[in-house]
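Undergrad:
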Amino acid sequence: MNKTIYDLRKLILLSLAIGSVFWQCTSSEGKDVWQLEMDAFINDLLGKMTLEEKAGQLTLYTSGWTVTGPELREDYKEEMVAGRAGNLFNAHTVSYARELQRIAVEETRLGIPLLFGLDVIHGYKTTFPIPLAESCSWDLELIENSARLSAKEAASAGINWTFNPMVDVARDPRWGRVAEGAGEDTYLTSLIGVAKVRGYQGADLADPTTILACVKHFAAYGAAQAGRDYHTVDMSDRVLRETYLPPYKAALDAGATTFMTSFNELDGIPASGNRYLMTDILRGEWGFKGFVVTDYTAINEMVAHGVVANEKEAAELAFNAGVEMDMQGGLYSKYLPDLVAEGKVERKRLDDAVRKILKMKYKLGLFQDPYRYLSEERETSTLHSDELMQAVLESARESIVLLKNERVGSKPLLPISKEVKSIALIGPLADNQKDLLGTWHVAGDASKVVTVKQGIEQLVPQAKIQYAEGVGFTGKDQKKMEKAVEVARKSEVVIMVLGENYQQSGEAASRSALGLPGHQQGLLKAIQALGKPLILLTMSGRPLTLSWEQANIPAILHCWHLGTMAGQAIAETLFGDNNPSGKLTMTFPRNVGQVPIYYNMKNTGRPFDDKNKYTSKYIDVSNEPLYVFGHGLSYAEFEYSDLTLSNSELTAGSTIEISANVRNSSQVPGEEIVQLYLCDVVGSVTRPVKELRGFRKIKLAGGEKKRVTFGLKENDLRFYTRSMEFRAEPGKFKVFVGSSSNAELKGEFVLTSDPLNE
Ligand code: NOJ
Numbered sequence: 004m005n006k007t008i009y010d011l012r013k014l015i016l017l018s019l020a021i022g023s024v025f026w027q028c029t030s031s032e033g034k035d036v037w038q039l040e041m042d043a044f045i046n047d048l049l050g051k052m053t054l055e056e057k058a059g060q061l062t063l064y065t066s067g068w069t070v071t072g073p074e075l076r077e078d079y080k081e082e083m084v085a086g087r088a089g090n091l092f093n094a095h096t097v098s099y100a101r102e103l104q105r106i107a108v109e110e111t112r113l114g115i116p117l118l119f120g121l122d123v124i125h126g127y128k129t130t131f132p133i134p135l136a137e138s139c140s141w142d143l144e145l146i147e148n149s150a151r152l153s154a155k156e157a158a159s160a161g162i163n164w165t166f167n168p169m170v171d172v173a174r175d176p177r178w179g180r181v182a183e184g185a186g187e188d189t190y191l192t193s194l195i196g197v198a199k200v201r202g203y204q205g206a207d208l209a210d211p212t213t214i215l216a217c218v219k220h221f222a223a224y225g226a227a228q229a230g231r232d233y234h235t236v237d238m239s240d241r242v243l244r245e246t247y248l249p250p251y252k253a254a255l256d257a258g259a260t261t262f263m264t265s266f267n268e269l270d271g272i273p274a275s276g277n278r279y280l281m282t283d284i285l286r287g288e289w290g291f292k293g294f295v296v297t298d299y300t301a302i303n304e305m306v307a308h309g310v311v312a313n314e315k316e317a318a319e320l321a322f323n324a325g326v327e328m329d330m331q332g333g334l335y336s337k338y339l340p341d342l343v344a345e346g347k348v349e350r351k352r353l354d355d356a357v358r359k360i361l362k363m364k365y366k367l368g369l370f371q372d373p374y375r376y377l378s379e380e381r382e383t384s385t386l387h388s389d390e391l392m393q394a395v396l397e398s399a400r401e402s403i404v405l406l407k408n409e410r411v412g413s414k415p416l417l418p419i420s421k422e423v424k425s426i427a428l429i430g431p432l433a434d435n436q437k438d439l440l441g442t443w444h445v446a447g448d449a450s451k452v453v454t455v456k457q458g459i460e461q462l463v464p465q466a467k468i469q470y471a472e473g474v475g476f477t478g479k480d481q482k483k484m485e486k487a488v489e490v491a492r493k494s495e496v497v498i499m500v501l502g503e504n505y506q507q508s509g510e511a512a513s514r515s516a517l518g519l520p521g522h523q524q525g526l527l528k529a530i531q532a533l534g535k536p537l538i539l540l541t542m543s544g545r546p547l548t549l550s551w552e553q554a555n556i557p558a559i560l561h562c563w564h565l566g567t568m569a570g571q572a573i574a575e576t577l578f579g580d581n582n583p584s585g586k587l588t589m590t591f592p593r594n595v596g597q598v599p600i601y602y603n604m605k606n607t608g609r610p611f612d613d614k615n616k617y618t619s620k621y622i623d624v625s626n627e628p629l630y631v632f633g634h635g636l637s638y639a640e641f642e643y644s645d646l647t648l649s650n651s652e653l654t655a656g657s658t659i660e661i662s663a664n665v666r667n668s669s670q671v672p673g674e675e676i677v678q679l680y681l682c683d684v685v686g687s688v689t690r691p692v693k694e695l696r697g698f699r700k701i702k703l704a705g706g707e708k709k710r711v712t713f714g715l716k717e718n719d720l721r722f723y724t725r726s727m728e729f730r731a732e733p734g735k736f737k738v739f740v741g742s743s744s745n746a747e748l749k750g751e752f753v754l755t756s757d758p759l760n761e
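Following our numbering, the numbering of the sequence shown begins with 4 at its first residue and continues without gaps.
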């Protein structure tokens with residue numbers, strides 16, 4: 004073992020032993036003993052490092068994945084051994100990561116352990132529903148648990164850093180990356196981001212089942228023009244601060260340790276060179292103490308953006324703007340030593356940046372034991388554990404959104420009776436494993452996915468199931484289409500599973516048309532013409548335009564990409580063992596011309612009036628989306644009534660209670676997500692027509708009634724006023740309570756005072 008690190012480790016082990024006894028001891032400066040030891044250890048180590056080794060700690064390279072498994076390029080291995088590559092990502096599985104860690108610890112001069120990153124976006128080997136799907140559960144506990152268990156599984160395979168949560172508010176479904184976030188709403192995205200940070204990082208980073216979270220993409224990546232990935236972002240500071248920044252801030256306040264820059268420019272400056280974002284806001288205003296990593300080669304890309312003439316200038320701009328770690332670009336390693344020597348980068352700032360990375364390694368316990376994430380036994384017992392499979396199933400159940408369920412005869416078409424004799428199961432996603440994992444499944448194991456066909460076969464073994472693919476995601480084969488129609492003709496019920504494959508959403512997967520891809524709608528029309536009871540299951544990583552489907556198909560379940568247990572959750576829902584309760588977190592437009600479309604828009608000076616041509620509307624499509632934000636049906640039926648407010652006035656420091664009755668008027672037990680919206684009637688600047696300010700997920704037995712109460716305080720009414728102060732303005736507010744953003748119960752109150760302005 005390397006001598007220097009060995010001595011350091013002996014020192015550390017000793018101090019840790021002492022520290023565990025005097026864990027709570029604080030010095031005269033108020034720092035605890037552990038903190039003092041960490042600082043001493045890191046200062047000592049920094050004192051031994053060359054400029055090249057320092058730049059190496061600020062460098063992150065990817066490991067490749069070949070058919071035979073993960074593999075590191077020879078040149079990166081050389082960089083590692085020379086101390087010029089201090090961190091890796093995409094290097095997972097214990098056996099592989101252990102060998103790399105061994106090289107770092109035993110073959111480099113100072114033996115500093117590597118950080119191992121990975122995009123654990125919705126699971127590691129066991130795959131949860133895509134984040135947009137899971138956000139439709141509106142279940143923060145469930146989401147935190149998904150992140151916790153994903154962290155546990157990834158950590159068992161050597162990973163100690165995930166590039167998640169992605170908290171980019173997104174209102175344009177053409178952008179493929181809407182799949183990775185929590186939809187269009189700032190408030191909900193913030194809460195979900197917090198839940199994920201808690202899940203990944205747990206209560207204590209020293210626990211080897213926790214991993215560092217990375218909040219991304221900072222900032223406003225979700226507002227790419229025309230929904231085209233990597234495209235320009237341009238917005239007012241007001242919109243930036245009010246709509247796009249709060250989720251990043253909420254995730255930071257929840258303890259997020261790292262941030263990732265975005266690919267886009269903002270107000271003419273690429274995010275990776277944007278001092279306003281990283282230094283003024285993130286560190287200055289918000290007090291972030293962790294480190295910022297770029298997105299993949301984002302420093303190098305500033306040359307193409309046209310704000311620097313060459314890569315050396317790019318490295319200088321990024322570092323001085325506030326980026327600590329260079330992902331994959333190799334520019335810090337190449338240029339930082341010279342930039343310091345030339346006085347373009349301050350030596351002290353370089354040391355501060357390195358200190359942040361070393362601290363993170365220390366907090367993870369890697370100096371104490373570089374192999375603490377690398378136990379084969381733990382890996383074997385954790386991967387695909389029963390606990391994980393059960394959580395994935397539960398999450399899939401809660402993510403499904405029932406878009407439509409029309410009566411056919413006396414009953415709604417769904418759920419299907421388990422007595423059904425024959426089912427035609429049609430479509431490219433009906434007996435498919437890999438696509439059900441969705442985008443960013445990275446290490447997800449497709450062989451473990453329960454297909455829709457398998458799920459149905461398990462649940463209704465006596466039914467005769469006839470499967471036909473019918474059509475693929477592109478192109479068409481007349482014979483296959485005919486076979487599907489034939490199969491449908493012979494069956495009692497038809498279930499079609501249509502939508503996007505896993506590559507049709509996610510990064511670099513923007514679409515200009517949002518219908519069912521390829522010839523799937525043609526097949527659907529041919530089968531609908533048979534007049535059989537027809538259920539449509541749609542799968543995608545984004546909202547789709549389903550206007551024809553809504554008008555012509557009696558029952559539609561939106562199933563997103565639900566992950567490993569998709570087929571079981573879907574079958575349970577089709578046959579009524581699971582009552583769907585998901586609610587959309589992104590608006591589904593009628594057509595692409597309505598995009599961007601979101602529920603919390605502004606009124607305009609000429610709000611829609613169908614009797615007046617000169618009002619804000621289209622001449623060829625309604626202003627209303629096809630499915631509003633918050634929409635989602637159930638097999639139960641819920642009635643809302645009796646909205647009351649505890650007071651007609653709200654004063655600073657007090658709480659106003661808003662209550663309503665929710666009754667399950669059916670005999671079927673179900674879950675309902677009760678939503679509260681707020682509207683500030685007159686502001687010094689225009690305010691949205693409504694904004695989500697609270698929600699509750701409640702269970703109601705058949706016939707049961709519950710009273711749901713929300714509390715609002717003055718600080719829930721704050722916004723950026725005309726003078727850019729974040730405060731509430733006295734005046735009238737409306738509230739709405741209901742089962743979607745079309746909430747029908749209304750009330751109002753007056754805010755009488757503004758404590759910040761008195
Ligand atoms: C590019 C993506 O934009 C980012 O989200 C991801 O974390 C990195 N690549 C690393 O894979």
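Virtual Cβ for every residue (Gly too), placed ideally from N, Cα, C.
Pick from Val692, Glu109, Gly126 and Glu316: whose alpha carbon is nearest that of alanine 160?
TA: The residue with the shortest Cα to Cα distance from alanine 160 is Gly126.
Undergrad: Who does tyrosine 723 pair with in a DSSP beta bridge?
TA: Answer by DSSP bridge pairing, in chain order: Phe729.
Undergrad: Around the C-beta of serine 98, are 16 or more other C-beta atoms found within 10 angstroms, so that it is buried, or is it exposed?
TA: With fewer than 16 other Cβ atoms within 10 Å, it is exposed.
Undergrad: Look at asparagine 167 and aspartate 122 and say whether their C-beta atoms are less than 8 Å apart.
TA: Contact flag set, yes.
Undergrad: Using only CA atoms, which one of Tyr621, Glu319, Ile419 and Leu143 lies nearest to glutamate 306?
TA: First, the residue type needs correcting, since residue 306 is valine and not glutamate in the sequence shown. The shortest Cα separation from valine 306 among Tyr621, Glu319, Ile419 and Leu143 belongs to Glu319.
Undergrad: Skipping 5 residues on each side, what residues in its chain have a beta carbon closer than 8 Å to that of proline 691?
TA: Cβ within range, chain order: Asn603, Met604, Lys605 and Cys682.
Undergrad: Kindly indicate which three-state DSSP category aspartate 35 falls into: helix, strand or coil?
TA: In this structure, aspartate 35 counts as strand in the three-state DSSP scheme.
Undergrad: So, does the CB of threonine 260 fall closer than 8 Å to a CB anywhere in chain B?
TA: Given the protein chain composition of this structure (a single chain), no chain B is represented.
Undergrad: Would you identify the three-state DSSP class for alanine 307, choosing helix, strand or coil?
TA: Of the three classes helix, strand and coil, the one that applies to alanine 307 here is helix, per DSSP.
Undergrad: Is the Cβ-Cβ distance between phenylalanine 698 and valine 677 less than 8 Å?
TA: Contact flag set, yes.
Undergrad: Please find out if some non-hydrogen atom of the ligand NOJ comes closer than 7 Å to the beta-carbon of valine 219.
TA: Rather than valine, the amino acid found at residue 219 in this sequence is lysine. Yes, the ligand NOJ has a heavy atom inside 7 Å of this Cβ.
Undergrad: What does the Cβ neighbour count give for leucine 405, buried or exposed, with the cut at 16 atoms within 10 Å?
TA: Leucine 405 comes out buried.
Undergrad: For the candidate residues Ser651, Val452 and Leu653, whose alpha-carbon lies nearest to that of glycine 566?
TA: Answer by Cα proximity: Val452.
Undergrad: Quick test of the definition: if touching needs 3 or more C-beta pairs under 8 Å, does the segment 428-435 touch the segment 489-502?
TA: Enough Cβ pairs lie closer than 8 Å, so yes.
Undergrad: Look at arginine 87 and glutamate 55 and say whether their C-beta atoms are less than 8 Å apart.
TA: Yes.
Undergrad: Roughly how far, in whole angstroms, is the beta-carbon of histidine 444 from the beta-carbon of threonine 130, given that I think they are within contact range, below 8 Å?
TA: About 5 Å; that satisfies the 8 Å criterion.
Undergrad: Taking only runs that begin and end inside the segment 179-214, name each unbroken alpha helix (DSSP H) of 4 or more residues, in chain order.
TA: Complete alpha helix (DSSP H) runs here, min 4: 189-204.
Undergrad: Is tyrosine 505 close to the ligand NOJ? I mean its beta-carbon at under 7 Å from any heavy atom of the ligand.
TA: No, Cβ of tyrosine 505 sits at least 7 Å from all heavy atoms of the ligand NOJ.
Undergrad: Just to confirm the assignment: which complete beta strand (DSSP E) runs, minimum length 3, are found wholly within the segment 366-414?
TA: Fully enclosed beta strand (DSSP E) runs of 3 or longer: 404-408.
Undergrad: Can you tell which of Ala433, Gly509, Ile360 and Gly705 has the C-alpha that lies nearest to the C-alpha of tyrosine 164?
TA: According to the sequence displayed, residue 164 carries tryptophan and not tyrosine. It is Ile360.
Undergrad: Note down, in chain order, each residue of its chain lying with its Cβ closer than 7 Å to the Cβ of alanine 254, except the 5 sequence neighbours on either side.
TA: Only Pro168, Val170, Gly196, Val197, Val200 and Val218 meet the Cβ criterion.
Undergrad: Could you check where the beta strand (DSSP E) with serine 153 kicks off and where it finishes?
TA: Taken as a continuous stretch (DSSP letters only), serine 153 belongs to no beta strand (DSSP E), being part of the alpha helix (DSSP H) at 143-159.
Undergrad: According to DSSP, simplified to helix, strand and coil, what is glutamate 55?
TA: Looking at glutamate 55 - three-state DSSP - the assignment turns out to be helix.
Undergrad: Using the three-state DSSP reduction, which class does glutamate 575 fall into: helix, strand or coil?
TA: Residue state, collapsed to three classes: helix.
Undergrad: Apart from the five residues just before and just after leucine 391, which ones in its own chain have a Cβ nearer than 7 Å to its Cβ?
TA: Excluding positions up to five away in sequence, the list reads Thr129, Leu152 and Glu156.
Undergrad: Between the alpha carbons of glycine 579 and leucine 462, how many angstroms are there, rounded?
TA: Computed Cα separation, rounded: 11 Å.
Undergrad: Suppose the cutoff is 8 Å on Cβ atoms and the five residues either side in sequence are ignored; what does the same chain contact list for valine 753 look like?
TA: Excluding sequence neighbours, valine 753 sits near Ser651, Glu652, Leu653, Pro733, Gly734, Lys735 and Phe736.
Undergrad: Any chance you could list the alpha helix (DSSP H) runs of at least 4 consecutive residues sitting entirely within the segment 545-625, in chain order?
TA: For the segment 545-625, whole alpha helix (DSSP H) runs of length 4 or above, ordered along the chain, are 550-555 and 569-577.
Undergrad: Does the beta-carbon of threonine 189 have 16 or more other beta-carbons within 10 angstroms, so that it is buried, or is it exposed?
TA: With 16 or more Cβ atoms within 10 Å of its Cβ, threonine 189 is classed as buried.
Undergrad: Is the beta carbon of threonine 548 less than 8 Å from the beta carbon of arginine 514?
TA: Contact flag unset, no.
Undergrad: In the structure shown, what three-state DSSP assignment does glutamate 422 receive?
TA: Three-state DSSP puts glutamate 422 in coil, outside helix and strand.
Undergrad: Run the proximity test for aspartate 372: is its beta-carbon closer than 7 Å to any non-hydrogen atom belonging to the ligand NOJ?
TA: Aspartate 372: no, Cβ never under 7 Å from the ligand NOJ.
Undergrad: Can you name the residues that DSSP bridges to phenylalanine 262?
TA: DSSP lists Val218 and Val295 as partners of phenylalanine 262.
Undergrad: Under 8 Å, with one C-beta from each stretch per pair, do the segment 259-279 and the segment 292-311 reach the 3-pair mark?
TA: Contact between the segment 259-279 and the segment 292-311 is present, because at least three Cβ pairs lie under 8 Å.
Undergrad: Can you tell me whether glutamine 331 is helix, strand or coil according to DSSP?
TA: Glutamine 331 falls in the coil class under three-state DSSP.
Undergrad: In terms of DSSP beta bridges, what is alanine 663 paired with?
TA: Looking at the DSSP assignment, alanine 663 forms a beta bridge with Val711.
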